[in-house]
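Trainee: Numbering (the working numbering), first residue to last: 663 to 871.
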Amino acid sequence: MAEIDDKIIDDKDAERHRAKMAKRKAVQDAEVAGKTIEKGLLIVNTGPGKGKTTAAFGLALRMLGYGKRVGVVQFIKGKWHTGEKDAFAAFGDRVIWHTMGEGFTWESQDLKRDIAAAEAAWAKALELMADPSISLVVLDELNIALRYDYLDLEKVVAALKTRREGLHVIVTGRNAKPLLVEAADLVTEMGLTKHHFAAGVKAQQGIEF
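(1) Would you tell me roughly how many angstroms separate the C-alpha atoms of Q866 and A722, rounded to the nearest one?
(2) With a threshold of 8 Å between beta carbons, is D811 in contact with chain D?
(3) Roughly how many angstroms lie between the CA atoms of A807 and V732, to the nearest whole one?
(4) From F719, A695, H830, G696, pick the residue whose C-alpha is nearest to that of A792; which is it?
(5) Could you give the C-beta distance for D802 and F871, rounded to a whole number, given that I count them as a contact under 8 Å?
(6) In chain order, what are the residue ranges of uninterrupted beta strand (DSSP E) at least 3 long that sit wholly in the segment 820-858?
(7) Mark L848 as exposed unless 16 or more other C-beta atoms lie within 10 angstroms of its C-beta, in which case mark it buried.
(8) Start and end of the beta strand (DSSP E) containing L808?
(9) With a threshold of 6 Å on Cβ separation, who are the neighbours of A838 within its own chain once the five nearest residues in sequence on each side are excluded?
(10) Is W784 closer than 8 Å to L813 when the C-beta atoms are compared?
(11) Enumerated in chain order, which unbroken segments of the beta strand (DSSP E) with a length of 3 residues or greater are wholly contained in the segment 712-778?
(12) Should H857 be labelled buried (16 or more other beta-carbon atoms within 10 Å of its own) or exposed?
(13) When burial is assigned at 16 or more other CB atoms within 10 Å of the CB, is M762 buried or exposed?
(14) Kindly indicate which residue of L815, L841, A845 has the alpha-carbon position closest to the one of E781.
(15) Whose C-alpha, out of R678, F719, V694, is nearest the C-alpha of I832?
(16) Where does L703 sit, in a helix, a strand or coil, going by DSSP?
(17) With the cut-off set at 8 Å, would you say T715 and T834 are in Cβ contact?
(18) Can you tell me which residues form a DSSP beta bridge with V863?
(19) Expressed to the nearest angstrom, what Euclidean distance is found between the alpha-carbon atoms of M852 and V800?
(20) Going by DSSP in three states, L801 sits in which element: helix, strand or coil?
(21) Please report the residue range of the alpha helix (DSSP H) in which E693 lies.
(22) Is the beta carbon of P645 less than 8 Å from the beta carbon of L842?
Shown next as structure tokens:
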């Protein structure tokens with residue numbers, strides 16, 4: 663018998679656990695072995711919950727950990743100074759960062775200006791997507807630009823679907839359009855169970871920006 667944290671584990675229990683985990687490992691190994699495709703992914707982080715952009719930057723950090731280059735285009739968050747931008751600056755020219763939004767539409771209150779900003783950001787996104795030295799492109803809040811029809815949805819989705827081979831692209835923002843969801847390889851819906859804003863807590867450094 664073995665004793666762990668004051669709980670006595672019977673030898674039979676230990677053997678049952680070992681056999682169970684061996685079967686589980688065989689199933690997992692077979693599933694992994696059956697995955698043979700390697701390709702650039704179109705990833706969409708959407709939904710009402712917090713963490714869409716944060717998750718995208720987590721993947722960007724992972725990519726940088728392997729010595730790859732990353733491109734970022736921010737479509738909306740033009741007026742916010744963010745900690746992530748400062749942090750990624752430490753990677754030098756391995757991160758190409760363009761903050762090109764004019765703020766949320768209720769801040770600018772100028773439709774022509776918002777459309778012009780979105781079009782300029784999309785042109786920069788196409789430029790980064792065409793750069794063979796970049797492995798991952800984050801299109802932060804592109805979903806918002808598409809939601810308000812600042813960009814032609816069909817043209818954007820067509821360009822994302824025909825991007826160069828091997829390029830990973832992450833699109834963030836609420837209310838992802840069904841056409842984009844259909845085109846994506848991976849879609850994550852961030853759910854909202856509880857948010858501190860509802861209790862009157864303001865946006866804070868290191869948490870929201």
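All C-beta atoms, glycine included, are put in the ideal place defined by N, C-alpha and C.
Mentor: Taking the geometry as given:
(1) So the alpha carbons of these two residues sit roughly 22 Å apart.
(2) Protein chain content of the structure displayed is limited to a single chain, and chain D is not contained in it.
(3) When rounded, the distance between both Cα atoms is 21 Å.
(4) The option with the nearest alpha carbon to A792 is H830.
(5) D802 to F871, Cβ: 12 Å. No contact.
(6) You should have 830-834, 848-851.
(7) Looking at its Cβ environment, which holds fewer than 16 other Cβ atoms inside 10 Å, L848 is exposed.
(8) Unbroken run through L808 is the alpha helix (DSSP H), 804-809; no beta strand (DSSP E).
(9) Its chain contains V706, T708, N805 as the residues whose beta carbon lies nearer than 6 Å to that of A838, once the 5 sequence neighbours on both sides are disregarded; these appear in chain order.
(10) Result yes, Cβ atoms of L813 and W784 sit closer than 8 Å.
(11) The qualifying runs are 731-736, 757-761.
(12) Exposed is the call here.
(13) Looking at its Cβ environment, which holds 16 or more other Cβ atoms inside 10 Å, M762 is buried.
(14) Selected option, being the one with the closest Cα: L815.
(15) For I832, the nearest C-alpha among the options comes from F719.
(16) Residue state, collapsed to three classes: coil.
(17) Taking 8 Å as the Cβ cut-off, T715 and T834 qualify as a contacting pair.
(18) None; V863 has no bridge partner.
(19) Cα to Cα, M852 sits roughly 17 Å from V800.
(20) Note: L801 maps to strand in three-state DSSP.
(21) Where E693 is concerned, the enclosing alpha helix (DSSP H) stretches over 673-695.
(22) Here the chain comprises residues numbered 663 to 871, so residue 645 is not present and cannot be evaluated.
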